[in-house]
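I have placed the structure first, in the form of structure tokens, so that the comments after it can refer back to it.
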Amino acid sequence: MLSGFLVQSTYKLKLVENKCTGISFIKKRLIKVYPPFLLSLVFGVIISGISEKLLGEICVLKVSVENIFFSLTMTNDFFSADKSLVHHPFGSGLWFVSSLFFLYCIYYVLIKITKKDDFLLCICILTLIFYGQYIINIRGNGFISYQMGRSITPFFVGTFVYELKEKVYGLKKIVVFSFLTLIFLSIFIIESFGLGDYEKVFRLFVNPIVLLTIIYIKPISLLFSRFSNISRKMSMAVYFTNVNVFHLMRIILKYNKVNINYNNIIFFSLSILIEFFVALIWLVFFDEKIFVKVRKFFVSPHP
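If you count by full-length UniProt numbering, then the sequence shown holds residues 1 to 303, one letter each, in order.
Set out below in structure tokens:
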């Protein structure tokens, strides 16, 4: 949801400043994300190979040309009919980035269709939100339902919240909150009658309110803006490293015949500390140096 909000706000800002077209905007978003994804994927393949060699176990995915191809092209989920980790890329935490790529493609199609018409954009977004919730409950499992539930609907709720904030920013806060509450309460009631997933619907109802609270209440907004940049970078570093670190620890302990109890608070505390430390190293030495050079190479005009 926050990704949708930030993409929409960034796109509108660049559009106003005439600094981008739709295709260049999406291209830059993809270039920023793919290099760290690729490096994390390489680590994931290596760790999966070690697990198969030393333990005779499949870590996340079996190392094969087919699985590597689907992971590289971020198309694992296109061939999944359930929520099993087997359908995630190597380093299963990377499902988030795969979904983000998929959402960028949908977003590009959407801005091409609406052609800077904000009203039409809002109508399309609301249609996606309502229709997405309908698919989740009526269709059950399957690729469309799966993607609607975990990525498409919340992403476009975020874009809608941004549009709503822009259109009614001058109104009193109570009017804004009342209007937004009414919209998402309607979704909640509709889904309740449809015997849907109450937990997901409740999150869809509450999260936009929280997001607008961050935007409108100045002390919270100031605090959020100060920490958002480093927290965004740190959260992505954790996404790219935590699963690989966890599996590597599990392989080392199991190979040395150390009994792993997944309920052991010491084991998980140690895992979290090591994952956080590795994420910091990743952030300092990889994200700020190697990836910046890669991005500049692809984005800058060639001589």
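All C-beta atoms, glycine included, are put in the ideal place defined by N, C-alpha and C.
Once the 5 residues before and after residue i are set aside, which same chain residues still bring their CB inside 6 angstroms of it?
i: Val278; result: Thr241 and Val245
i: Val109; result: none
i: Lys257; result: none
Cα separation between residue i and residue j?
i: Tyr34; j: Thr73; result: 10 angstroms
i: Ile252; j: Ile68; result: 24 angstroms
i: Lys165; j: Lys12; result: 13 angstroms
i: Tyr104; j: Ser98; result: 10 angstroms
i: Asn259; j: Ser271; result: 15 angstroms
i: Met249; j: Lys32; result: 29 angstroms
i: Ser269; j: Leu61; result: 26 angstroms
i: Leu280; j: Tyr107; result: 31 angstroms
i: Lys115; j: Met1; result: 23 angstroms
i: Leu273; j: Met234; result: 14 angstroms
i: Trp282; j: Val157; result: 31 angstroms
i: Met236; j: Gly49; result: 24 angstroms
i: Leu41; j: Ile47; result: 10 angstroms
With DSSP run on the structure shown, which of helix, strand or coil describes residue i?
i: Asn259; result: coil
i: Gly56; result: coil
i: residue 356; result: Outside the shown range of the chain, which is 1 to 303, sits residue 356, and nothing can be said about it.
i: Thr73; result: coil
i: Phe90; result: coil
i: Met1; result: coil
i: Ser271; result: helix
So residue i and residue j are supposed to be a Cβ contact under 8 angstroms. How far apart are they, rounded?
i: Ile123; j: Phe160; result: About 10 angstroms separates the two Cβ atoms, so there is no contact after all.
i: Tyr239; j: Phe96; result: 6 angstroms
i: Phe155; j: Ser9; result: Phe155 to Ser9, Cβ: 13 angstroms. No contact.
i: Phe5; j: Lys14; result: Not a contact, Cβ separation roughly 15 angstroms.
i: Leu30; j: Phe101; result: 7 angstroms
i: Val65; j: Val45; result: That belief does not hold up - the Cβ atoms of Val65 and Val45 are roughly 11 angstroms apart, past 8 angstroms.
For residue i, which residues of its own chain have a beta-carbon under 8 angstroms away from its beta-carbon, when the five flanking residues on both sides are left out?
i: Leu54; result: Ile251 and Tyr255
i: Ser51; result: Glu57, Ile58, Cys59, His247 and Ile251
i: Glu275; result: Val238, Thr241, Asn242, Val245 and Phe246
i: Tyr162; result: Gly4, Phe5, Gln8, Ser9 and Lys12
i: Leu38; result: Leu72
So the alpha helix (DSSP H) residue i belongs to, where does it begin and stop?
i: Ser99; result: Trp95 to Thr114
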